[in-house]
Amino acid sequence: IVVCNLDYRSIGNGGDYPNTFYDMANGTDLIRTIAKEHGFNSNRVIVVGHSAGGQLGGYITGRFRLIPNQPGYSTNSLRPIAFVSQAGVNNMWDGADQANETGSGAIISFLGGTYEMYPERYQLSSLMASSNLSIKAKYPSQYLPLEVPIQAITGSVDITVPISQTITFAKQAKSAGDNCAQVIVEGEDHFVHLNISSKSWN
433 IVVCNLDYRS
443 IGNGGDYPNT
453 FYDMANGTDL
463 IRTIAKEHGF
473 NSNRVIVVGH
483 SAGGQLGGYI
493 TGRFRLIPNQ
503 PGYSTNSLRP
513 IAFVSQAGVN
523 NMWDGADQAN
533 ETGSGAIISF
543 LGGTYEMYPE
553 RYQLSSLMAS
563 SNLSIKAKYP
573 SQYLPLEVPI
583 QAITGSVDIT
593 VPISQTITFA
603 KQAKSAGDNC
613 AQVIVEGEDH
623 FVHLNISSKS
633 WN
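The opening position of the sequence shown corresponds to residue 433 in the working numbering, with each subsequent residue numbered one higher.
Next comes the structure, spelled out in structure tokens:
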């Protein structure tokens, strides 16, 4: 097993919309070059992402659905064969609305404003559609189905990224035809995914 850890510019370090997406797209495509240099198969990539990394991992997995002029668009993007979202921020629409609940305005800062201001940015950044039906009707998910096996996992006591993010993502992915397993790990929180001895890694 070969592990590639993609880093990217974050807020305050040149990373926001759209730069972070370019970083992830370029880093993912570089895996092909690294594979040739080190002799592994770049056609069997599985994407695993935690929290904001889950959102970006979904973007990488669904990049084949981007259209010209969207950040990271390519006619020859690397296609992962599976995706694991660990407490991922899969819905930026709802995440912005949940800012009052979580005390975080990171999504609005990252995308440069609210979804009323930049709905196309939220659509590009979200694996799934908003739970607000009027927004959902106008801006459906651009990515689903991802056309690969998905595992959407979260802890039952995660208060950083509400578990509704995982539950509704799994529901929308299944409705779109994806093979998506939803896993809620009893008693584990948002940051336990960083501990490979936790139940979330079983």
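Ideal Cβ positions, reconstructed from N, Cα and C, are used throughout, including at glycine.
Residue Leu488 holds the alpha-carbon nearest to the alpha-carbon of Leu556 among Ala514, Leu488 and Ala608. Residue burial is scored here from C-beta neighbours: Ile585 has at least 16 other C-beta atoms within 10 angstroms and is therefore classed as buried. By the Cβ-count criterion, Leu565 is exposed, with fewer than 16 other Cβ atoms from all chains shown falling within 10 Å of its own Cβ. Cβ-Cβ separation between Thr600 and Met560: approximately 7 angstroms, consistent with a contact (criterion under 8 angstroms). Counted as a single uninterrupted DSSP element, the beta strand (DSSP E) harbouring Gln583 occupies residues Ile582 to Gly587.
Around the beta carbon of Glu620, 16 or more other beta carbons lie within 10 angstroms, which makes this residue buried. Proximity to Ala602 across Ser541, Pro594 and Cys612 peaks at Cys612, based on C-alpha coordinates.
Judged by DSSP in its simplified three-state form, Val516 adopts strand.
Within a 10 Å sphere around the beta-carbon of Ile443 sit fewer than 16 other beta-carbons, which makes this residue exposed. Following the DSSP letters along the chain, one finds Ile478 inside the beta strand (DSSP E) bounded by residues Ile478 to His482. Taking C-beta atoms as the reference points, Ile478 and Ile513 count as a pair closer than 8 angstroms. In the DSSP assignment, Ile466 falls within the alpha helix (DSSP H) that extends over Asn451 to His470. Contact between Asp461 and Arg441 is ruled out by a C-beta separation of about 17 angstroms, above the 8 angstroms threshold. A distance of 8 angstroms or more separates the beta carbons of Ser474 and Leu438.
Scanning Ser483, Asn522, Gly447 and Ile492 for the CA closest to the CA of Tyr505 turns up Ile492. In this structure, the alpha-carbon of Ala538 lies about 23 angstroms from that of Asn458.
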